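The block underneath contains the structure these notes are about, expressed in structure tokens.
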Amino acid sequence: MPDANDIFTVNIKVPLTDDEATKEGALLVLKEIKPTWKRELISFKAFTVGITNKILCATYSPANGTTHKEQLLFRIYGNNTDKIIDRNKEFNNWLYLASHGCAAQIYARFSGGIVSGFLPGNTLTVDNLRDDTIVTNTCKSLSRLHKLKPNTGDEAKPTLFIKIKQFLANFSAHYENKQKQERYDKFFKQREISFLHDLHCLRDIIQRRQSKVVFCHNDLLIHNIIHDNKT
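In this text, residue positions in the sequence shown follow the numbering used here: the first is 2, and each later residue adds one.
This is how it looks when you write it as structure tokens:
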């Protein structure tokens, strides 16, 4: 497993909101990590399904047509997402998972994001979830993830409830919009619903099971699952 300090770091900011500025920033990063790539042979495609990140695919198509295309993914972190996501821990976990074949290789870090390899395939659709082969392959891949012991160097401690508490700490029960406030009060306050109370109850139930601490995916939306028919 490569050390985090061994990953090439580029002190370049890639803008998040302006598409053209995003591409220009990505080109500056590519100039540093892929100096042999010619600018006129680089194309970009943005993926729009991300919630906490903006994903941009850079494709290099050699003019001779005999060399295979190369592709890299730019993952640009969303504004203020560092309040709920520990980016350094995420980065180290990614390196560890990549060393076990469970994630794409990381090529570089830049200010506010990373550059990784491209994994071929298609994101799942609702119809795919009815395909027995795809469901079986997805379960097999997740089981590989669950078998990995967290690379903490000591006794692994669960972070599930720590992360949920961080989410709740960034949640506000007060809205400037009067209608939203009324809807919130009617549903939560009048029914005496408390996220924190429910969290503590859930924690007590899970802790009694004394389950092993393993890697898991905490955002398993269908668009976060890539299936490659060739493999």
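For every residue, glycine included, the Cβ atom is placed at its ideal position computed from N, Cα and C. Fair warning: this is a prediction, and the values are worked out from it, not measured in the lab.
**Study point:** I77 beta carbon less than 7 Å from that of K55
**Key:** yes
Exercise for review: Return the chain-ordered list of same chain residues with a C-beta closer than 7 Å to the C-beta of P63, the five sequence neighbours on each side being excluded.
Suggested key: L42
Exercise for review: Look at the Cβ atom of R110, then the Cβ atom of T10, and state whether they are nearer than 7 Å.
Suggested key: yes
Review point. Is the CB-CB distance between E227 and L120 below 7 Å?
Key: Position check: residue 227 holds Ile in this sequence, whereas Glu was assumed. Result yes, Cβ atoms of I227 and L120 sit closer than 7 Å.
Practice item. Compute the distance between the beta-carbons of G122 and D229, then report whether it is under 7 Å. Key: yes
Exercise for review: Classify K24 as buried or exposed, calling it buried when 16 or more other Cβ atoms lie within 10 Å of its own Cβ.
Suggested key: buried
Review point. Beta carbon of L31, beta carbon of A47: below 7 Å?
Key: no
Check your understanding: Is the Cβ-Cβ distance between H101 and L169 less than 7 Å?
Key -> no
Check your understanding: Candidates K158, T60, L98: which alpha carbon is nearest T68's?
Key -> T60
Point to revise | Under the three-state DSSP convention, the category G118 falls into | key: strand
Practice item. In the DSSP assignment, find the alpha helix (DSSP H) that holds T68 and state where it starts and stops. Key: Looking at the DSSP string, T68 is not in any alpha helix (DSSP H), and its letter there is neither H nor E.
Practice item. Given a cut-off of 7 Å, decide if L146 and C103 are closer than it, judged by their beta-carbon atoms. Key: yes
**Study point:** Per-residue burial, T139 [other beta carbons within 10 Å of its own, 16 or more giving buried]
**Key:** buried
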